[in-house]
Ligand code: ADP
Ligand code: MG
């Protein structure tokens, strides 16, 4: 198949292209970050594959990325000496949409045609950002290990079709040429491009080279450039940030690294950077984002993103699932292990005892970090909980060994807090329990208003007993696994016995006697529809309410199950 062919993009690609080009106009410049990030991924992949097959590096062992521009041709070129692509891979990777994240993204965007720019990078639609500034993109690529004549040329104006043809390419790797749209000439400028590389890609672990420019004011610089091959200089830092000592890294560098790692426009809320030395040495650099990434809000999980596993600075794989439990899926970062075998596979990772230990350390570090945030930066912590509190609650169910630690971090609305805001910790609650009160009381409902207005609360209000108001969807499920905190049982207000003192009991007995004939009548009238009719101490204003025995399902849960068709 040497001949040229024209193919149509998958329908979804056309849709993504449209979304991307129309959403990113205020963040045009991220095309460079995305293309450099792909080049860096390609270098990572080749470095990894070359461990098993050193021949793949034959001819040029250096992994690097070159960024250049041509004012006359109005092009920007990004070239890498990474893994490259075969013809089939080109079709699969940049003619269709492989990632399920992208599909979710499209579904979510639905009719709304303007996507939030900060979401784009997280969906593997990075390559298409080239079309934000270019009206034609040419990709020349040759897979490492393939013969020069097995190169591929891909070309498209981003409007539905692309052409593919064979090409003889002397070097392996990928070259992306952007033919800039009218009006995008600002990018044909060394100073501008260098600034963008520093801003977005400084911590790419491979050298990013750019042509050396003659100092400004040098009149014949243009002539010199024309006849001499360019002299290159490295524009980025090219070091693995996490391998440097903490004391030498500024907050700005940590934040810049986070942004390139998480494809986020926003600063991280907090981070923790640790080196463990010993029989097994490893480094972790873990970040808490300030805002939820898109796929998390969708209830999904893009397992390719999140935590990157390196072994002695060699990128091995995206291994969020192997390195952190699901309820901490919002964490972004890097784990670099010294002692894992470089040829480790995903299957091996899942049953690796060393990795189990690293995972345990990661969980501990993240919980430490969240605790620290809750102590030292209440406002950031509140924002963090608004973004990730419900995800964290999953940990109550998923991570029994850290249940109490996680419970300590959660905040709730209560009958003694101000409105809907979830600000009361279990420690706050326990700290102000009335003398003789032996349980942590809560009510569940499918909204704050319903919870706060529940008639079940009357008796508790009358006795000045605080009740936690649980109205998030996940609360029932969580509470099913949170039976006690600080030695106190958690109880639903509609279940079990109310806390009564001696006087209450006497009064209740009296009332029961007086109401006995009425109860008989009600039982007869209601028949099978109720299990029992009793005099209640639960109410002060309402005449009656439905109650449950200890083992019964809370009404809200029963309602959820009915909704789910159970
Ligand atoms: P993502 O990087 O999230 O996978 P992109 O749209 O940025 O999504 O890239 C799509 C795919 O195209 C990549 O996963 C990769 O397989 C391929 N690709 C893009 N650029 C390169 C490159 N420079 N070298 C090799 N493969 C590339
Ligand atoms: Mg990419």
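In full-length UniProt numbering, the protein residues as written are 6 to 571. Even glycine gets a Cβ: it sits at the ideal position worked out from N, Cα and C.
With which residues is residue i paired in a DSSP beta bridge?
| i | result |
| --- | --- |
| residue 278 | 290 |
| residue 180 | 84 and 145 |
| residue 238 | 215 |
| residue 73 | 82 |
| residue 316 | 319 and 342 |
| residue 13 | 166 |
| residue 512 | According to DSSP, residue 512 bridges with nothing at all. |
| residue 411 | Paired residue(s): none; residue 411 is not in a bridge. |
| residue 337 | 292 |
| residue 469 | According to DSSP, which records beta bridges pairwise, residue 469 is partnered with nothing at all. |
| residue 523 | For residue 523, which the question treats as bridged, DSSP gives no partner whatsoever. |
| residue 330 | BP columns for residue 330 are empty, so no partner. |
| residue 156 | 172 |
| residue 445 | 495 |
| residue 139 | 185 |
| residue 273 | 294 |
| residue 489 | 494 |
| residue 475 | 449 |
| residue 161 | 142 and 167 |
Quick one: residues in its chain with C-beta nearer than 8 Å to the C-beta of residue i, no 5 flanking neighbours on either side, listed in chain order?
| i | result |
| --- | --- |
| residue 217 | 235, 236, 237 and 238 |
| residue 373 | 277 |
| residue 392 | 294, 295, 296, 297 and 335 |
| residue 118 | Residue placement at residue 118 is poorly supported in this model, since its pLDDT is 47, which falls under 50; the coordinates still yield a value, given next. Once the five neighbours on either side are set aside, the close Cβ partners of residue 118 are 23, 24 and 27. |
| residue 148 | 88, 89, 90, 91, 94, 155 and 177 |
| residue 538 | 524, 527, 528 and 531 |
Counting only the same chain and skipping the five closest in sequence on each side, list residues whose C-beta sits under 7 Å from that of residue i.
| i | result |
| --- | --- |
| residue 309 | Unreliable positioning characterises residue 309 in this predicted model, as indicated by a pLDDT of 47, which lies under 50. The coordinate reading is nonetheless provided below. Cβ neighbours of residue 309 beyond the five flanking positions: 323. |
| residue 192 | 81, 138, 185 and 198 |
| residue 344 | 285, 286 and 359 |
| residue 134 | 25, 29, 35, 36, 39 and 125 |
| residue 101 | 15 and 18 |
| residue 395 | 477 and 479 |
| residue 379 | 386 and 414 |
| residue 207 | 241, 242 and 261 |
| residue 482 | 402 |
| residue 486 | 401 and 402 |
| residue 173 | 153, 154 and 156 |
| residue 131 | 39, 42 and 43 |
Counting only C-beta atoms, is residue i closer than 9 Å to chain C at any point?
| i | result |
| --- | --- |
| residue 208 | Looking at the structure shown, chain C is missing, and only one protein chain is on hand. |
Residues in the same chain with beta-carbon distance under 6 Å from residue i, minus the five sequence neighbours each way, listed in chain order, please.
| i | result |
| --- | --- |
| residue 37 | 201 |
| residue 212 | 69, 239 and 243 |
| residue 169 | 10 and 159 |
| residue 281 | 287 |
| residue 4 | Given that the chain is displayed from residue 6 to residue 571, the structure contains no residue 4 and the question cannot be resolved. |
| residue 400 | 332 and 411 |
| residue 116 | Confidence at residue 116 is low in this model, with a pLDDT of 47, below 50, so the placement of that residue is unreliable and no value is reported for it. |
| residue 552 | 499 |
| residue 364 | 328 |
| residue 491 | 435 |
| residue 144 | 159 and 181 |
| residue 163 | 22 and 136 |
| residue 195 | 218 |
| residue 466 | none |
| residue 51 | 87, 88 and 149 |
*State whether the region 244 to 262 contacts the region 353 to 369, with contact taken as three or more CB pairs (one from each stretch) at a distance under 8 Å.*
Inter-segment contact for the region 244 to 262 and the region 353 to 369 is absent: fewer than three beta-carbon pairs are separated by less than 8 Å.
_Assess contact between the region 456 to 467 and the region 429 to 442, defined as three or more Cβ pairs (one per stretch) separated by less than 8 Å. Is contact present?_
Contact fails: fewer than three Cβ-Cβ distances are below 8 Å.
*the region 57 to 69 contacting the region 330 to 337, beta-carbon criterion three pairs below 8 Å*: As far as the Cβ criterion goes, the region 57 to 69 does not touch the region 330 to 337, which means the pair count is below three.
_Three CB pairs or more closer than 8 Å across the region 286 to 296 and the region 269 to 278_ = Yes: the two stretches touch, three or more of their Cβ pairs being nearer than 8 Å.
*Flag this pair as touching only if the region 443 to 453 and the region 359 to 367 have three or more C-beta atom pairs under 8 Å; answer yes or no.*
Counting Cβ pairs under 8 Å, fewer than three are found: no touch.
*Check whether the region 511 to 521 touches the region 425 to 432, counting contact only when three or more Cβ pairs, one atom from each stretch, lie closer than 8 Å.*
No: the two stretches stay apart, fewer than three of their Cβ pairs being nearer than 8 Å.
*Are there three or more Cβ pairs, one per stretch, closer than 8 Å when the region 171 to 188 is compared with the region 12 to 27?*
Contact between the region 171 to 188 and the region 12 to 27 is absent, because fewer than three Cβ pairs lie under 8 Å.
*Residue ranges of each alpha helix (DSSP H) run of no fewer than 4 residues wholly in the region 370 to 431, ordered along the chain?*
Runs of alpha helix (DSSP H) with 4 or more residues, each lying fully within the region 370 to 431, are found at 383 to 403 and 408 to 414, listed in chain order.
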